[in-house]
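Per the numbering used here, numbering of the sequence shown is gapless, rising by one per residue and ending at 219.
Beta carbons are placed, not taken as given, at the ideal position from N, Cα and C, and that holds for glycine.
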Amino acid sequence: MNITKKISYKKINSFYNSRKKFKSENHYTQLDYLRANKTSKKSEKFINDLKNVRKKKILFASHALADAPHAAGTFIFRDYYEHFIQTLKFVNKNDSKNLWIFKQHNNSRILNENKIFEDNIKKYKKKNIIICPENISISHLIKNIDYVVTGRGTIGMEAASEGKKVVICGSAPYADCGIVFNAKTKKKYFDFLLNINNLKFDKEEIKKL
Numbered sequence: 011m012n013i014t015k016k017i018s019y020k021k022i023n024s025f026y027n028s029r030k031k032f033k034s035e036n037h038y039t040q041l042d043y044l045r046a047n048k049t050s051k052k053s054e055k056f057i058n059d060l061k062n063v064r065k066k067k068i069l070f071a072s073h074a075l076a077d078a079p080h081a082a083g084t085f086i087f088r089d090y091y092e093h094f095i096q097t098l099k100f101v102n103k104n105d106s107k108n109l110w111i112f113k114q115h116n117n118s119r120i121l122n123e124n125k126i127f128e129d130n131i132k133k134y135k136k137k138n139i140i141i142c143p144e145n146i147s148i149s150h151l152i153k154n155i156d157y158v159v160t161g162r163g164t165i166g167m168e169a170a171s172e173g174k175k176v177v178i179c180g181s182a183p184y185a186d187c188g189i190v191f192n193a194k195t196k197k198k199y200f201d202f203l204l205n206i207n208n209l210k211f212d213k214e215e216i217k218k219l
């Protein structure tokens, strides 16, 4: 943060736009980003339909359920499966106003996780809980939703960079940079979700940070 204070916002923004096009020198998440931005006619229709939804749209971006949740530091849930299930149950019980889009991780094709993910969501018949189709461009999706809820994934930083309100609940490289709402307890996490529309948020300041 001290280093970036010496660099103009114009230069940072230029680098950011170059990085999204893979024209920057550091391509640390290049393969993941490419996989996450594959698209299809079905996914394009989904994005176009989202544009017509008047409700606030919340994207729940799941981790691969079998990933190790505590290797990268603190995580308030036992594992990523518990995070997914408890969030799903909470939304079913407490939120009928917002549209919740549950998106499985790209690596969920492994170990049949897609079926586990979809079977659990289908248990709930609420119209405001939907499954995100596969092979959807994550950058297009972020542009057409209002909020992102995730554990600690890089999507949290990507969404914040586009000026979206983000809630996370685990250690992440960007967790304490002032760009996301980082829940340190389950109680705080569900408080954030219950009041997500009212959380104080300066869109332009978040984008700049």
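Going by C-alpha to C-alpha distance, which of F70, V176, P79 and N154 sits closest to I131?
Cα-wise, what sits closest to I131 is F70.
Can you grab the Cα-Cα spacing for the pair N116 / A74, in whole Å?
The alpha-carbon separation between N116 and A74 amounts to approximately 8 Å.
F56 beta carbon near the ligand PLP (any heavy atom closer than 7 Å)
Judged by which ligands are present, the structure shown has none, so any question about the ligand PLP falls away.
One or two residues paired with V63 in a DSSP bridge:
None, per the DSSP bridge assignment.
Of all the options I22, G83 and L204, which has the alpha carbon lying nearest to the alpha carbon of K107?
If we check each option's Cα against that of K107, L204 comes out closest.
Taking the continuous alpha helix (DSSP H) assigned at A155, which residues delimit it?
According to the sequence shown, residue 155 is Ile rather than Ala. Taken as a continuous stretch (DSSP letters only), I155 belongs to no alpha helix (DSSP H), as it is neither H nor E.
Would you check if there are 3 or more beta carbon pairs closer than 8 Å linking the segment 150-159 to the segment 174-182?
Verdict: yes, contact present.
In the DSSP assignment, the beta strand (DSSP E) including F211 goes from what residue to what residue?
From DSSP, F211 is part of no beta strand (DSSP E); its letter is neither H nor E.
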